[in-house]
Each structure stands twice: as C-alpha cells, then as structure tokens.
Amino acid sequence: MGAPEERVRSGERLRIAPEIRQALAAGSPVVALETTIVSHGMPYPENVETARAVEREIRGRGATPATIAVLDGAIHVGLSERELDALAKGGDVLKLSRNDLAYALATGRRGATTVAATMICAQMAGIRVFATGGIGGVHRGAAESFDISADLEELAQTGVAVVCAGAKALLDLPKTLEYLETRGVPVVGYRTDEFPAFWSRSSGLAAPLRMDSAAEIAGLLRAKWALGLRGGVVIANPVSEEDEIPAAEMAGHIDRAVAEAARRGIVGKAVTPFILSHIAELTGGRSLAANIALVKSNARLAADVAVELQTK
Ligand code: PSU
Ligand code: MN
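Counting in the numbering used here, the sequence shown runs from 91 upward without gaps.
Here it is in structure tokens:
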C-alpha cells in the first residue's frame, strides 16, 4: 500500500470511487488505468470503447479497475460512464504528467493522466499495479531535443508496477533501456527474451530480465518493495502474434511519421499524440487495432499480477 501519510496529505484532492475504496480496504486486487491513452492516444469512439473493454477484461480476471483522471480540482480514482465519455470526446483536456498535475488541481482544469501522473495517483490511492499501452521513453534525437519522457523518472521513484507492451517504437529504444538501467528500474520481458516494440513483438534488443508467470512477477514486486527499494517495475508484455505489425513493416511508417512531426515543428507533449495518430493514418488503422489489442492483453496480465500480489 502507498504510505498512509501520503493519502492523508492528499485529502480532498483525492476522490476514490466507493467500489475501489472497498476493494482496497478488503485487500482485493485493483488495477490502475490511465486516461492520456483515451484523450490523446486514440480517436473517438475507439478510445472510449477500448477504455470500457479494458475495464471488463480486468473484472473478468477477478480484479477491480481504477481509471484515473483529474476533474473538478481533484484526482478521481474510478470514473463514471459519463466522465469517461467526456474525456474521450476531448476538447479541453490537459495531458498531465508530474510537472503539471498540481496546476490542473489548482485551476480546476480537466486533465488526462499519463503513465507518470497515473503512477503518482495510483500510489496515493494504494494501488500497486497499472496497465497501459506503452510507456514513454527517450525520443529519437534526444541528444539535441532533450526530450525524455517523465515516465522514466517516475518509474525510478514511484512504487507501481507498469504492465505495457514495451516502449513505443517511435522512440530510441536502446537509449530508453539504458536510461531505465541507470535509474535502477527492473525491466521484465513476459514470456519473451526480447524487449517488445509496442506494435511489434520484436525490437532486436534483449529484455534485461525474463519471467513466465504472473506469480513470478508478483514475487519480484514483493521482493523489491520488501527491500525498501524505491520505484516501479516495467513488465513488458509483447502484443500477440495475431495482432502485431512486424517491425520491418512498421519501420518505414515510423520514420515517415517522425519526419512529419519534425517538419511541422511539433515538440514537447504534442509529439507522441501526433505520431500515434499519423501512424494510424499511414497504416490504414492497423496500428490502432494493434494498440487496442495490446492494451487489453496488458490489462489481463496486470489483473493476474494484482491477484497474485494479494495472494498470501
Ligand atoms: N500507451 C498507449 N497510448 C498512449 C500512451 C500510452 O497505447 O497514448 C501515453 C501514456 O500516457 C504515456 C504517454 O505516458 O503516452 C507518453 O507521452 P510522452 O511521450 O509525451 O511522455
Ligand atoms: Mn516528451
């Protein structure tokens, strides 16, 4: 559980839905979900359909889903249908990370949480397992742009396990793995020796660690946190063979989308959403279908890990 002082400190700023509060109090498994993928990662209505489907997958595995966003000056852990739908329709929704989370609360602006912000909120609520699509990482050209996702720093300091399909392949994956190693973040390939590349199973890079069951992963989390080691764990679950787009095929689309973002002068937090939507266009929607499939698969594994973590 997150430190109790933290939960008290967050006070009025943290609203946990009754169902989730009860599950946490009973020591039942809970899985956190982010909303940047909803507001900024996928088009409407696929985004809201996916968010609902992901919640169903988690329930189907015996855990309670906890979708997180900032609304009305408070962190909401667990969203109503109406709240989720409004975030999916977009409009004025901030993409929140550690740097602007407090700003959204203070100004009452709506915000979708990235991996970094969702980890922070999950820890405040006492949730230890989180499912997403792909973590952010070191961008290509980072030596010039300095664009390194705050997700990586969050993984170094916040004790939440993040189940993902690797890091998005639009990134510099070797540097992303180096960064995680430097910051002491365990990266586990689930049933794979390779670090997966989001839409593709293969990146050509070795997964630093490998585990083959949710029970083993829960054992790693217990051991890490029992030692008092700060920070999270990346659980990299490759997209299924049926749903993947092979890396060789993705490479050209990614290069074109990255070049187009540079040509249009897109920088900062707009980069990842632009590239995701541009690649969806270039692939005629196939990348979106792969993204939806991999998020659902990550939700199932995250639920299994959360269940194992609660098993004494
Ligand atoms: N996974 C997806 N789609 C997404 C994301 C994850 O399938 O849009 C989001 C997460 O919220 C992650 C963010 O934190 O992309 C990375 O943004 P940036 O590269 O700006 O740090
Ligand atoms: Mn960035």
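Each residue gets a CB set at the ideal place from its N, CA and C atoms; glycine is no exception.
Since this is a predicted model, take the numbers as computed values, not measurements.
When the five nearest sequence neighbours on each side are left out, the beta carbons in the same chain lying within less than 7 Å of the beta carbon of Ile382 are those of Glu136, Thr140, in order along the chain. Contact check for Pro108 against Gly152 fails: the beta carbons are separated by 9 Å or more.
Bounds of the beta strand (DSSP E) holding Arg105 are 104-106. In its chain, beyond the 5 residues on either side, Trp289, Val329, Asp333, Glu334, Ile335 have a beta carbon closer than 7 Å to the beta carbon of Ala380. Assigned with DSSP and collapsed to three states, Leu295 falls in coil, not helix or strand.
Bounds of the beta strand (DSSP E) holding Tyr280 are 277-280. Rounded to the nearest whole angstrom, the CA to CA distance from His368 to Leu104 is 35 Å.
The DSSP assignment places 184-186, 201-203, 219-221 as complete runs of the beta strand (DSSP E) inside the stretch 175-250, in order along the chain (cut-off: 3 residues). Cβ-Cβ distances below 8 Å link Ala326 to Cys254, Ala255, Gly256, Val277, Val278, Gly279, Tyr280, Thr282, Phe285, Pro286, Ala297 in the same chain, with the five nearest sequence neighbours on each side left out; the list follows chain order.
Taken from the Cβ of Gly223, every heavy atom of the ligand MN lies 8 Å or farther away. Look at His130 here: in three-state DSSP terms it is coil, with no helix or strand label. Glu398 sits away from Ala341, with the two beta carbons spaced by 9 Å or more.
Note on geometry: alpha-carbon atoms of Asp394 and Ala116 lie some 17 Å from one another. The Cβ neighbour count for Ser293, taken over all protein chains shown within 10 Å, is at least 16; the residue is labelled buried. Leu311 places its beta carbon less than 9 Å from that of Val323. Distances taken from the Cβ of Lys185 to the heavy atoms of the ligand PSU include one shorter than 8 Å.
With distances taken between CA atoms, Val357 lies nearest to His229 out of Thr272, Ser377, His229, Tyr269. Contact between the stretch 238-250 and the stretch 207-218 is present: three or more C-beta pairs spanning the two stretches fall below 8 Å. Under a 10 Å Cβ-count criterion, Asp302 is classified as exposed, with fewer than 16 other Cβ atoms of the shown protein chains found around its own Cβ. Annotated three-state conformation of Ala255 is coil, per DSSP. Counting the other CB atoms within 10 Å of its CB gives Pro155 a total of 16 or more, which places it among the buried residues. For Val138, the uninterrupted alpha helix (DSSP H) run begins and ends at 136-150, by DSSP.
Excluding five sequence positions before and after Thr266, the CB atoms of its chain that fall closer than 6 Å to its own CB belong to Gly227, Val228, Ala257, given in chain order.
CA-CA distance, Ser170 to Gly223, rounds to 22 Å. The secondary-structure analysis by DSSP pairs His166 across a beta bridge with Arg105, Ala159. When the Cα atoms are used, Lys185 and Leu161 turn out to be separated by approximately 13 Å.
Per the C-alpha coordinates, the member of Val167, Glu339, Asp175 positioned closest to Ala259 is Glu339. Nearest to Arg149 by alpha-carbon distance, out of Arg353, Val121, Asp190, is Val121.
Looking at the backbone, the Cα of Val275 and that of Leu317 are separated by about 14 Å. The alpha-carbon of Gly374 is positioned some 16 Å away from that of Asp345. Between Ala352 and Arg291, the C-beta gap is not smaller than 9 Å, which leaves the two residues out of contact. The bridge partners DSSP lists for Thr154 are Val120. Gly168 and Leu174 have their C-alpha atoms spaced approximately 9 Å apart.
Distance between Leu299 and Thr197, taken at the CA atoms: about 42 Å.
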